[in-house]
Structures are given as structure tokens and as C-alpha cells.
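Student:
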Amino acid sequence: MILRLYRNFRLIWIGQVVSVIGDGMQSVALLWWARRTGGNALLAAVAASMIVPFVICAPFGGWLADRYDRRHLLIAADLQRVVVTATLAVLAIRHHASPVLICALVALSSMATAVFDPTYSTVVPSLIESEHRAAANGLNMANSAVGGLIGPLLGGLMISVFDVGNVMLVNAATFAWSAAFIVCARIPRPAGATPQARERHSTRGAIASVVREPQLRRLVGLASVLNMVAAPVPLLIVALAVDRFHVGPGAYGALEITVSAGVLVGALLAGKFAKGAISLPMLLIGGCLASAGLLPIVGTGVAFLIGGVAIAIANTSLLTTLQGVVAPEVQGRVFGVVGALGEGLRPVGLALGAPLLAIVGVSWAFIVVGGLVIVTTLLLGPRR
């Protein structure tokens, strides 16, 4: 229904359906290539090149989204990623890439993403009426879930049949696909693009509005801390499969897929269920994680599935609430700061995963992480 009602959103969304699958393909291909080419040192350097530039540049990307034509920004970011990804593909095919050049190109792509992501987050409320935003955000979440499920699978298959360079060429084509659909869409200019709005809504004022407003402060804090707390979960799932259930890669993959499948189901249900309190699905996520440390493997799979549904509903509800609470003139900067905080704290959570496993073991690690999600939600969740 949403796709029929809103032509411009439909065009942009169709572009993203293909683009996020390409992102999933490239993530697998790039990390695989880095590991095979330069070992763990290059793997770590490439991973850092993905994260650090985004964390630094996302607030600036949000500032651009508040000041300049968002359609032009989205197109420019996609075209930059076309050029960078195609260059990486050629280097991979010809085997001429130096580690420094690889990391530099990955960083350039990450900078473009740091402009694209906060800009895209501000586009939805400018195209969709408030009563339909939860459903629209749910569709975007479904895109991400499909990309997370299909992209790595296709990337791995293409690497085995062809090579890494061909995977990157396909991803470059998906960025071009996205840009082509954005060209056909009409996106309103940001409310902060006028000289008068620029004077009234400075970057300092945008940050001050988050700090000053209790609901905003709680939402941003909740999103940031939960990103850090949940970061080690993929590591814990590996340990759970190997150390507690003593299963092989097939069963481990099935456990991973249950989370993504739950996210996809939750994204499709978000239009109906993501209009209520954010705290309820957050508490459900914490309960599912904590129970995963105690249940047998089938029960754990069910817990992961339910937790995935709750993740999608919670994220959609959080984003929809932010879109409704944050003034249109400063949405880009707020979303840029939220994205930077979330990505910036993830490595902290990942770094704490191994010590947590070593100290308390995998079962208690899940209980601790689930408990932290519950406590964080109770402390920082919105008060009504």
C-alpha cells in the first residue's frame, strides 16, 4: 500500500532493494580479499577503513543533508561509490592493489556512505505522511534484512565461481542502479536550506536541542548504548554453537539465519506494531538474549527468531519516533550524530566480547548481555 501511495518513495526504495544486496556481497568479498591478500593485518586495516571514516564523517554528512539538495547528495554519494568500487574491482582483477591504496579507496567509499545514510534517513519523513512512516521505515528495514540474508550468500557463491573483482563490479552496478532511480524521484529541499533557517538552526543548536530535550536525549542515548551492548552478539553465537551445543557450521549458520529471518518478519510487521512503546520490544530483546544462554538449541533458535522480530520493531519504532520528534531543519545532523555514535561504540562492544567469554563463559555471557539490554532500556527508555 505504501509503495502504491508514494511514487517518489517507491522509486528510491526500489533502488535500495538492489543496492543493499550489493552491499552484502561486497562486504563478504572485500574482507575475504583482504584476508587472502594481506593476512589479518590487512583484514583489520580494511575493517577500520570501513568504520572510522563513517564515524568521523557522518555528522558532517548530516549537516550537508540539512543544508543542500538531498536528491543531489544521494546521487553524488552513489556515483562516488560507483567509481570507487569499480576501481577496487579493476585492481582486484589485475592484482595490482597495494594495502595503502585498498584502505584509501575503502575509506572514500565509507565517506560517501556517511553522506548517504543520514540523508536517506531524512528523506523518508519528507516524502511520507506521519501515519505511514512506521510502515515505510519497516520496508527499509526489510531491505536491510534481505541484503543481510542474500548479499553474503551471493557474494560467497560468486567468489567461488568467478573472483572477488567480479563481485565488486556487480556492486558498482547496484550503486548505479540506485542512482538511476533517485534521478527519477522528486525530493523536497530541506527546511534548513534557506538563509533564515541556517541562522536559526546552527549545528550547535541542533546538538543543544538533543541535550536539552529529555525525550531526544533518552532516545539517542538508548540507541547508542544498545549498539555497544549488542555488538558482541555475533561473536557469542559462534561460541554458543561450538562450545555449548558442539555443532558444525551448518547448525551455526542456521542459528545466524534465525536472527536475520526474525528481522525480516518484524520489518514486514513494523507498520502495524512499531507505533507503540519502544521499551516493550527492547525488553523482549533482552529477555530473548538472556534465555539463549539457558535453552537447548531448538529453543535458542526460537528465542533468536523472536528476538529478531523485536529488533526490527524496536529499530523501526525508534527511527519513526526520532523522525517525528526532531525538527525537520536539524534531522540530518541528529541522524548523523546518532549513526556516528552507534558505529563508534560498536568496536568497544566487540572488544569486550572476548574478555566476557573468557571470564564468565558463553551461557553467562548471553545472560549478562541480555540483562544489560534490559537495564539500559529501563534506565534510558522513553518515559510516558
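Each residue of the sequence shown is one higher than the one before, starting from 17 at the first, in the numbering used here.
Positions of the beta carbon are idealized from the N, C-alpha and C atoms, including for glycine.
What are the start and end residues of the alpha helix (DSSP H) that includes Ala370?
Tutor: Its alpha helix (DSSP H) spans residues 347 to 396.
Student: By DSSP, does Ala343 sit in helix, in strand, or in coil?
Tutor: Correct three-state label for Ala343: coil.
Student: Which one of Ala255, Val389, Val236, Tyr22 has the shortest CA to CA distance from Leu334?
Tutor: The residue with the shortest Cα to Cα distance from Leu334 is Val236.
Student: Can the beta-carbon of Asn187 be found closer than 8 Å to that of Met66?
Tutor: Taking 8 Å as the Cβ cut-off, Asn187 and Met66 do not qualify as a contacting pair.
Student: For the alpha helix (DSSP H) holding Leu124, just list the boundary residues, first then last.
Tutor: Looking at the DSSP string, the run of the alpha helix (DSSP H) that includes Leu124 is 115 to 143.
Student: Any contact of the stretch 136 to 143 with the stretch 70 to 90, i.e. 3+ C-beta pairs under 8 Å?
Tutor: Flag = yes, the stretch 136 to 143 and the stretch 70 to 90 touch.
Student: Can you have a look at Glu345 and say buried or exposed, based on whether 16 or more other CB atoms are within 10 angstroms of its CB?
Tutor: When all chains shown are included, Glu345 counts as buried.
Student: Decide if Ser126 is buried, meaning its Cβ has at least 16 other Cβ atoms within 10 Å, or exposed.
Tutor: Its Cβ being crowded by 16 or more others within 10 Å, Ser126 is buried.
Student: Hey, which unbroken runs of the alpha helix (DSSP H) at 4 residues or more fall wholly within the stretch 259 to 314?
Tutor: 265 to 289, 295 to 308, all fully within the stretch 259 to 314.
Student: Can you name the start and end residues of the alpha helix (DSSP H) that Pro250 belongs to?
Tutor: Here the alpha helix (DSSP H) through Pro250 covers 249 to 255.
Student: If you follow the alpha helix (DSSP H) that Ala178 is part of, which residue opens it and which one closes it?
Tutor: Here the sequence assigns Phe to residue 178, which means Ala is not the residue at that position. From DSSP, Phe178 is part of no alpha helix (DSSP H); its letter is neither H nor E.
Student: If contacts are defined as beta-carbon pairs under 8 Å, then Phe191 and Val98 qualify, I think. What distance do you get, rounded to the angstrom?
Tutor: Going by Cβ atoms, the distance from Phe191 to Val98 rounds to 5 Å, so yes, they are a contact pair.
Student: Shortest alpha-carbon distance to Ile198 belongs to which of Ala161, Ile144, Ser146, Ile91?
Tutor: Taking only the C-alpha atoms, the option nearest Ile198 is Ile91.
Student: Looking only at its own chain, which residues have a Cβ that is under 6 Å from the Cβ of Val281, when we skip the five neighbours before and after it?
Tutor: Val325, listed in sequence order.
Student: From Val131 to Arg260, what distance separates their C-alpha atoms?
Tutor: Each residue's alpha carbon lies about 42 Å from the other.
Student: How should Arg202 be labelled, buried or exposed, when 16 other C-beta atoms within 10 angstroms of its C-beta is the threshold for buried?
Tutor: Label assigned to Arg202: exposed.
Student: Please check the pair Ser194 and Val385, which I expect to be a contact at CB under 8 Å, by giving their CB distance rounded to whole angstroms.
Tutor: No, Ser194 and Val385 are not in contact; Cβ-Cβ is about 35 Å, not under 8 Å.
Student: Out of Ile322, Gly278, Arg110, which one is the CA nearest neighbour of Leu299?
Tutor: Nearest of Ile322, Gly278, Arg110 to Leu299, Cα basis: Ile322.
Student: Where does Pro371 land, buried or exposed, given buried means 16+ other C-beta within 10 angstroms?
Tutor: Per the 10 Å Cβ criterion, exposed.
Student: List the whole-angstrom C-beta distance separating Gly154 from Leu284, where the pair is believed to meet the contact cut-off of C-beta under 8 Å.
Tutor: Indeed they touch by this definition, with Cβ atoms about 7 Å apart.
Student: Pick out whichever of Ile383, Leu252, Ser379, Ser142 has its Cα sitting closest to the Cα of Ile28.
Tutor: Minimum Cα distance to Ile28 is reached at Ser142.
Student: Under 8 Å, do Met157 and Ala45 count as touching if we go by C-beta distance?
Tutor: Against a cut-off of 8 Å, the Cβ pair of Ala45 and Met157 comes out as no contact.
Student: Are Leu185 and Ala267 touching if we call contact CB-CB under 8 Å?
Tutor: For Leu185 and Ala267, no; Cβs fall outside 8 Å.
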